[in-house]
Each structure stands twice: as structure tokens, then as C-alpha cells.
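Data first, discussion second: the structure below is written as C-alpha cells.
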Amino acid sequence: MVKKRNRDVEQLVDAPSIQEDVEIASDDEMNVVNVEFEWFNFKPDIDFHGVKNLLRQLFDVDSQLFELSCLTDLVLSQPTIGSTVKVDGEKTDAYAMMTIINLHEHREKKVIQDIINYLLKKSNSSRDLASLATHLSDSTAQIGLVLSERLINVPAEIAPPLYTMLCDEIEAAVEDQEPYNFTHYMILTKTYQEIESTLDESDEPKIKKNKREKTTCDTFYFHAEDEIFKKFASVFGTFDYTNDRGLGMADSKRAFSDMGIKPQGAIILIERSKFEDAVKAVNGLVAFS
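In the UniProt record's numbering, the protein residues as written are 1 to 289.
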């Protein structure tokens, strides 16, 4: 059971910790390293670069479309909302982070305007996301944008306590009459599809190069918990990145697989009445020792 942390950032209680075996790839073999994850509140004088790098990873190739420094400053301006996860003490860069931003409250900030306009464009290009525009354009809607990202080798086991603590912190903030009484929770996340690589065909006859790319129909989740959140969503859809470079980008992410990886953005919109149950379901994703 994750304890809710003190809302006074000057009097924080000890953060929870989880020990995990993490696989780290080297050139010749896969090594397993036992690490202990620790949770901390955001600290502006420590976390700027680590949080900015995670946000850059979250927005992938479209990260250059946003003023990430401004977005990072906004995240760090909410020290009692959200968490970082680290392994070597508080003064190191985060391995993972989670926070939530009130889109209505911060709608006058340029970086939030850019994000809203970006999401509106994506909703207009996807049948699955079409209804998202109605929510984003509703002046009475209080949409909380959940920003959650972690390094690739960080296990899914850290997600349940992150979401549990976030819910506790939101509840406390609402009791303090802070602007976190959301009508909807919108998780901006990432998925991917597998694409047959074209690298091995470079020496094939040119006639074969004209064949269409072969993409699997399955959608895979970078964050395992997103597959559970999808079941509670009123809106779910994926979208191509604006700066998607096609097959070349997929091949660059092929790594040790015969298939290339095509990353896509994804949006999960969950109504307030269902979010608590969704988080409880995510807690069932893993069993803690």
C-alpha cells in the first residue's frame, strides 16, 4: 500500500521504494541489475533537465513542436502534484515521472495552447478521436492532461503507485480548493506497430522496392497500463506524428528484431466517474511483494 505523501513540500515523509531486477543491454549480452526505485516530489532546482528529457521522449519526434522548457517549468511549478522516480537518491535525474496539468486553468500559456491545437488537429484526422474536439472546445470542461513517461528499461511495476499517489494528491488539492477538480482525465501516451523492414531489400531488384509496407494490425503499448486504461476510456485513438519520417524511422528503431517499429501518439480520455476504478484496475496489473 503506497502512503500518501505530506502536501507540505518542506516536510515530506519518506517516499515508498520498490526493488526490481532491470535488464540492461550491452553489445554482447543482457545484464540483470537489481535496483531500488524511490519516489520524490518535483524539485525545480534538481529536476529540470531530467523532466525535460522525459517530456522530449514522450512527445517523440514531435517534441520540437513545443516549448519543452516552458512545459517543464509548468510541471515543476506544481511540486505537490505528481512524482519523479529515481534510483540513486533525490539529486539525480529521474528514471520516470508523472504529473497532471489543468488545460483550462493554464489555457493562456502558449505551450498549453500549442498542445491543445496539436490535439485538435489530431482529433480532426482520426475517426476514433473525432469526439475529442468537443471536449477540448468545451469551456466548462476541466480536463486534466496526464503526462507520464519512463525510461525504456523501467518496469511497469512503478505505474500503479505513481497513479495511486497522483489520485491522493489530487484529492488533497481539491480539499484545499486548488484547480484539480477534473471532469475528465486525458492521458497522452505512445503506442507502436510493427512494420516489415526494407533494409534487407536494398540489394533486391528495383521492382520489389515498390511494394507497400507491411504493417501488423496489432497495436502494442510502450506502457502496459495503457491497455487497461483503454477499457475505461470514453475516447481512445492513435495518431501519426506530424514529423513521422515513415519507413526510415521505423527501421531506425528495429534494434534486434526483424520488424521495424512505427511509434504513434495515443490519447486516452477517461471520465472522472471511471478514473478511480481504472486506477484500481491498473493496481491489479502487478502484485507487489
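Idealized CB from N, CA, C, for every residue including glycine.
Between which two residues does the beta strand (DSSP E) carrying residue i extend?
i, result
"H49", "No beta strand (DSSP E) contains H49, which is instead part of the alpha helix (DSSP H) from P44 to F59."
"Y185", "H184 to E196"
"Q264", "M259 to E271"
"S123", "Element bounds for S123: not the beta strand (DSSP E) but the alpha helix (DSSP H), K110 to N124."
"F239", "V235 to F239"
Could you give the first and the last residue of the continuous alpha helix (DSSP H) run that contains residue i?
i, result
"E90", "Unbroken run through E90: none, as it is neither H nor E."
"T72", "L68 to L76"
"F229", "E225 to K231"
Measuring CA to CA, which of the options is closest to residue i?
i, options, result
"residue 292", "S83, H135 and F48", "There is simply no residue 292 to check, as the chain begins at 1 and stops at 289 in what is shown."
"F40", "L162, T242, A156 and S63", "L162"
"I112", "N124, G89, S131 and D73", "D73"
"I143", "R150, Q177 and E105", "E105"
"E149", "T191, E276, F232 and E271", "T191"
"T140", "R107, F42 and V75", "R107"
"I268", "N243, M259, F239 and V174", "F239"
"E225", "G89, L188, L54 and S63", "L188"
"V87", "N153, L55 and S69", "N153"
"D93", "E175, S69, H223 and L54", "L54"
Roughly how many angstroms separate the alpha carbons of residue i and residue j, rounded to a whole number?
i, j, result
"D47", "D60", "20 Å"
"P79", "E196", "44 Å"
"L120", "L71", "18 Å"
"E169", "A159", "15 Å"
"N181", "K91", "32 Å"
"residue 314", "G237", "Any answer about residue 314 is impossible in this case: the structure gives the chain only from 1 up to 289."
"D45", "K262", "36 Å"
"Q57", "Y95", "12 Å"
"K52", "H184", "25 Å"
"V282", "M97", "17 Å"
"T219", "Q193", "5 Å"
"E157", "N34", "14 Å"
"I270", "E227", "13 Å"
"F37", "P155", "10 Å"
"D138", "G89", "42 Å"
"V235", "F229", "11 Å"
"Y241", "Y221", "16 Å"
"D285", "E276", "Here the sequence assigns Leu to residue 285, which means Asp is not the residue at that position. Those two C-alpha atoms are separated by around 15 Å."
"L151", "T99", "16 Å"
"Q177", "E171", "10 Å"
"G260", "A173", "44 Å"
"Q264", "R272", "26 Å"
"A266", "D128", "11 Å"
Looking only at its own chain, which residues have a Cβ that is under 6 Å from the Cβ of residue i, when we skip the five neighbours before and after it?
i, result
"L145", "I101, L103 and M186"
"K211", "Note that K211 has pLDDT 45, beneath the 50 cutoff, so the model's placement of it is unreliable and the number below is only indicative. Once the five neighbours on either side are set aside, K211 has no close Cβ partner at all."
"K109", "none"
"P179", "N102 and E105"
"S63", "R56"
"N243", "V61 and D62"
Can you name, in chain order, every residue of its own chain whose Cβ lies under 7 Å from the Cβ of residue i, other than the five neighbours on each side?
i, result
"V279", "Y163, T164 and C167"
"N124", "A133"
"S26", "Only weak support exists for where S26 lies, its pLDDT of 45 falling under 50; the coordinates are left without a value."
"A130", "S123"
"K274", "F232"
"T118", "Checking the sequence shown, residue 118 turns out to be Tyr, not Thr. Cβ neighbours of Y118 beyond the five flanking positions: L65."
Can you name, in chain order, every residue of its own chain whose Cβ lies under 8 Å from the Cβ of residue i, other than the five neighbours on each side?
i, result
"R245", "V61"
"I116", "L103, R107 and L136"
"L76", "F42, K43, P44, D47, F48 and V51"
"D114", "L65, F66 and E67"
### Message
Which complete beta strand (DSSP E) runs does the region 138 to 184 hold, if anything under 3 residues is left out?
### Response
143 to 150
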